[in-house]
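K.L.:
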Amino acid sequence: MKHLYKGVVAGVVLAMVVATGAWAASKFNKVEPKKFDPAKTFLVQAAWQNGIGCPTNAPVAVDPATKPTTTYTACPTGDTKDKKNAGLLLAKTGPTNNNASAVATLKNVKGINLTELGYDIRKPSSPSDSRGSHCGAGAPRFNVTTSSGTTFIGCNSPAPTVTPEGANNEWLRLRWTVSVANVKSISIVFDEGQDTGPDNFGLAVLDNIDVNGTLVGRNG
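For what it's worth, this note's numbering labels the leading residue of the sequence shown as 42, then goes sequentially.
Set out below in structure tokens:
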């Protein structure tokens with residue numbers, strides 16, 4: 042009976058662990074922007090802004106039309122709660138060596154077993170294109186922290202799976218397959234400035250932040 046009892050207890054504990062991971066994954070529902078600027082340089086910005094996101098089934102009123110007409114689908118899927126086409130603006134003005142960064146914290150991810158990360162980025166053609174949002178090896182990047190350390194996933198390092206969005210060549214969907222257990226925290230960090238190529242833009246617009254297939258594309 043003791044062996045049977047131990048087996049039952051072990052099974053319950055395992056079920057609790059699995060359930061906890063599933064609960065945490067299902068609760069991911071917010072990406073909170075903030076600024077890291079201890080010296081108060083006022084050279085970074087992080088914010089959700091309406092009207093700059095990746096449009097999924099977006100209505101466009103083309104003059105002289107009296108009613109909005111649905112145009113191309115720039116993103117085949119998106120955050121269904123995003124009603125104002127919000128996008129996440131991350132910017133760093135000036136040099137990369139300035140001790141400041143734009144940051145976005147992914148909420149309610151603690152304890153999950155991570156299998157997929159990604160976002161849509163306002164950029165044409167490919168991550169290496171010199172046009173559009175900055176997409177470097179170091180920014181915008183995911184910082185995935187566990188009890189054993191932090192894993193870094195940059196916009197073009199490691200290389201993502203890339204899906205161009207729509208015929209208008211305005212957005213890219215980037216996805217990374219990862220295997221990280223018992224996550225403590227996930228954040229997006231933008232700390233490369235205007236001195237970093239190939240675009241020397243120091244700014245990126247993201248949308249539909251993806252954790253294990255759940256997309257968040259709005260503030261709150």
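Idealized CB from N, CA, C, for every residue including glycine.
Predicted, not measured: the structure shown is a model, and the values here were computed from it.
#1: Check this for me: beta carbons of A87 and P74, under 9 Å apart or not?
#2: Around the Cβ of A200, are there at least 16 other Cβ atoms within 10 angstroms (buried) or fewer (exposed)?
#3: Of all Cβ atoms in chain C, is any one closer than 9 Å to the Cβ of D240?
#4: Looking only at its chain, what residues have a beta carbon closer than 8 Å to the beta carbon of V219, apart from the 5 residues adjacent to it on each side?
#5: Just the Cα atoms here: how many angstroms apart are S188 and R172?
#6: Give me, in chain order, the residues of the same chain whose beta-carbon lies closer than 6 Å to that of D131; leave out the 5 immediate sequence neighbours on both sides.
#7: Can you grab the Cα-Cα spacing for the pair K164 / Y113, in whole Å?
#8: Please list, in chain order, all residues of the same chain as L256 whose beta carbon is under 8 Å from its beta carbon, the five residues on each side excluded.
#9: With C-beta atoms as the reference, is K225 less than 9 Å away from N149?
#10: Roughly how many angstroms separate the alpha carbons of E238 and N140, rounded to a whole number?
#11: In terms of DSSP beta bridges, what is T204 paired with?
#12: Please work out which residues of its chain come closer than 6 Å, Cβ to Cβ, to T204, disregarding the five sequence neighbours upstream and downstream, and give them in chain order.
#13: Is the separation between the beta-carbon of V260 and that of W89 shorter than 9 Å?
#14: Residue range of the beta strand (DSSP E) that A190 falls in?
#15: What would DSSP say about N241, mapped onto helix, strand or coil?
#16: In this structure, what does DSSP give as the bridge partners for G159?
#17: List the DSSP bridge partners of I229.
#18: Classify G152 as helix, strand or coil using the three-state DSSP reduction.
#19: Would you kindly work out how many angstroms separate the C-alpha atoms of D161 and A80, rounded to a whole number?
#20: Less than 8 Å between the CB atoms is what I'm expecting for H175 and G254, so what's the real figure, rounded?
#21: At the level of alpha carbons, what is the spacing between T107 and T137?
P.N.:
Reading it off the structure:
#1: For the purposes of this step, residue 87 is taken as residue 46 along the sequence shown, with counting starting at 1. For the purposes of this step, residue 74 is taken as residue 33 along the sequence shown, with counting starting at 1. Yes.
#2: In the sequence shown, the residue the question calls residue 200 occupies position 159. Its Cβ having fewer than 16 others within 10 Å, A200 is exposed.
#3: Considering every chain present, this structure includes no chain C. It has just one protein chain.
#4: Stepping through the sequence shown from its first residue, residue 219 is reached at position 178. For V219, same chain residues with a beta-carbon under 8 Å away, outside a window of 5 residues either side, are L155, T156, E157, L158, V185, T192, I194 in chain order.
#5: Taking the sequence shown and counting its residues from 1, the one referred to as residue 188 is at position 147. Taking the sequence shown and counting its residues from 1, the one referred to as residue 172 is at position 131. Roughly 38 Å between the two C-alpha positions.
#6: Position 90 of the sequence shown, counting from 1, holds the residue named residue 131. Here residue 131 turns out to be Leu, not Asp, going by the sequence shown. Counting only Cβ-Cβ distances below 6 Å, and skipping sequence neighbours, we find A87, A143, P181, F231, A245.
#7: Translated into positions along the sequence shown, residue 164 becomes position 123. Translated into positions along the sequence shown, residue 113 becomes position 72. Cα to Cα, the separation comes out at about 17 Å.
#8: Indexing the sequence shown from 1 puts residue 256 at position 215. Taking L256 as the centre and dropping the five residues before and after it, the same chain places the C-beta of T118, G119, D120, N249, I250 closer than 8 Å to its C-beta, in chain order.
#9: Position 184 of the sequence shown, counted from the first residue, corresponds to residue 225. Position 108 of the sequence shown, counted from the first residue, corresponds to residue 149. Taking the C-beta atoms as reference points, N149 is found no nearer than 9 Å to K225.
#10: Position 197 of the sequence shown, counted from the first residue, corresponds to residue 238. Position 99 of the sequence shown, counted from the first residue, corresponds to residue 140. Note that residue 238 corresponds to Gly in the displayed sequence, not to Glu. Computed Cα separation, rounded: 19 Å.
#11: Walking along the sequence shown from the start, residue 204 turns up at place 163. Beta-bridge pairing links T204 to R214.
#12: Working through the sequence shown from its first residue, we reach residue 204 at position 163. So the list reads R214, once near-sequence residues are dropped.
#13: One-based indexing of the sequence shown puts residue 260 at position 219. One-based indexing of the sequence shown puts residue 89 at position 48. Rather than Val, the amino acid found at residue 260 in this sequence is Asn. Yes, the pair counts as a contact, with Cβ atoms nearer than the cut-off.
#14: The sequence position of residue 190 within the sequence shown is 149, counting from 1. Rather than Ala, the amino acid found at residue 190 in this sequence is Gly. G190 -> beta strand (DSSP E) spans 190 to 194.
#15: The count along the sequence shown starts at 1 and reaches residue 241 at position 200. N241 falls in the coil class under three-state DSSP.
#16: Position 118 of the sequence shown, counted from the start, is the residue given in the question as residue 159. G159 is bridged to R216, D251.
#17: Position 188 of the sequence shown holds residue 229. Bridge partners of I229: A145, F183.
#18: Residue mapping note: residue 152 aligns to position 111 of the sequence shown, counting from 1. DSSP places G152 in coil when its eight states are reduced to three.
#19: Start at 1 with the first residue of the sequence shown, and residue 161 comes out as number 120. Start at 1 with the first residue of the sequence shown, and residue 80 comes out as number 39. Distance between the alpha carbons of D161 and A80: 31 Å.
#20: Within the sequence shown, residue 175 is the residue found at index 134, counting from 1. Within the sequence shown, residue 254 is the residue found at index 213, counting from 1. About 26 Å separates the two Cβ atoms, so there is no contact after all.
#21: In the sequence shown, residue 107 corresponds to position 66, counting from 1. In the sequence shown, residue 137 corresponds to position 96, counting from 1. For T107 and T137, the distance between alpha carbons rounds to 47 Å.
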